[in-house]
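Below is one structure; the comments refer to it alone.
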Amino acid sequence: IKMDGKEEQEWRKGPWTVEEDKLLCEYVKVHGEGRWSSVAKGSGLNRTGKSCRLRWVNYLRPGLKRGHLTPQEEGIIIELHALWGNKWSTIAKYLPGRTDNEIKNYWRTHFKKMKPRRKSQIIVPKTDNKTLPPISRCEEHVMELMKPYDSDDLGMVFTDPTAMEDHEQTYYLSKVYQDLTNWTVESVAVAAVVAEQEEESLWDGLWEVPENDIM
DNA sequence: AAGGTCCCCAACCGCTTGTCA
DNA sequence: CTGACAAGCGGTTGGGGACCT
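Residue numbers for the first sequence follow the UniProt record's numbering, so the first one is 1 and each next one is one higher.
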């Protein structure tokens, strides 16, 4: 509590208890979100505002989804990461009920630590092209973005992803992932168009965009 | 069974951005 | 404009459970 004569508040750290969660929920119910720095005074919690905000946003906030990400959600993460890089909070806005922390953790766990592999190991499984839906829009954009990958289409040996830039790597992964999770070529096309235009208004109707950050 | 290693994720830290007097 | 403070963001850590050996 005391160091070199200076008084300092000793904040609680580490995992939250059920009691603390209750206190925080009560506080937010009464006072609403925000003004986190005053939570300690008003709620009886001995936590920093930062800690309270994080606990609320990542765990207590209503509307949060639990459990594994769906293949669709995974697909969206890969698409958007390819467009924006590590903009976790921006990406999270397009995944209702998921937090930036969750998405960040997912990304790190599944993609960030790619170990170098030999070229011969990096082979995309052959798929039946008939099962893929037609590219109904913006074919040119997709083909441009996919240039390194689309030559004789699937089944080819690609370059080593570990030698790529992050965003290139993401697109490589998205292409591979497409086969594994059944995403449509069209969803990739949409991502490509958005990357091209970078117009906020274009988002309408492409994905469900939350009205605000509170779900 | 037990000791070691790996992996996931909740929570932390430092930095940046926003706001307001 | 500027300084102080709050909020937000992204990188990192470490506790603990799962999985070897």
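We put the beta carbon where it would ideally sit given N, CA and C, even for glycine.
Measuring alpha carbon to alpha carbon, tell me which residue in the options is nearest residue i.
i	options	result
PRO15	SER51, ALA40, GLY44 and ILE91	SER51
THR70	VAL18, ARG35 and PRO96	PRO96
ARG98	GLU74, HIS110, LYS65 and GLY75	LYS65
TRP88	LYS104, SER38, SER43 and ARG47	LYS104
VAL28	TRP11, PRO62, LYS13 and VAL18	PRO62
Which residues in the same chain have their Cβ closer than 6 Å to the Cβ of residue i, if we skip the five residues on either side of it in sequence?
i	result
TRP36	GLY49, CYS52 and ARG53
Using C-beta distances below 7 Å, list every residue in its chain close to residue i, excluding the 5 sequence neighbours before and after it, in chain order.
i	result
LEU80	ILE91 and TYR94
ASP21	LEU60
TRP72	It should be noted that the sequence gives Gln, not Trp, for residue 72. Excluding residues within five positions, none has a Cβ falling inside 7 Å.
Work out the CA separation of residue j and residue i for me, nearest whole Å.
i	j	result
GLY67	LEU45	28 Å
ASP100	GLU33	18 Å
MET114	HIS31	With a pLDDT of only 45 at MET114, under 50, the local geometry of the prediction cannot be trusted, and no value is derived from it.
VAL18	VAL57	16 Å
ARG12	ARG47	5 Å
CYS25	GLU102	21 Å
ARG55	GLU10	19 Å
THR109	SER38	35 Å
ALA82	GLU74	12 Å
ALA40	ASN86	32 Å
CB residue i to CB residue j, shorter than 8 Å?
i	j	result
SER43	LEU60	no
TRP107	ILE77	yes
Just to confirm my understanding: we take residue i, look at its own chain, exclude 5 residues before and 5 after, and list those with CB closer than 8 Å. What are they?
i	result
TRP84	THR90 and ILE91
**Item:** Runs of alpha helix (DSSP H) wholly within the region 21 to 55 (minimum 4 residues, chain order)
**Value:** 39 to 43 and 49 to 55
**Prompt:** Which full runs of the alpha helix (DSSP H) of 4+ residues lie inside the region 59 to 113, going along the chain?
**Reply:** 71 to 84, 88 to 92 and 100 to 107
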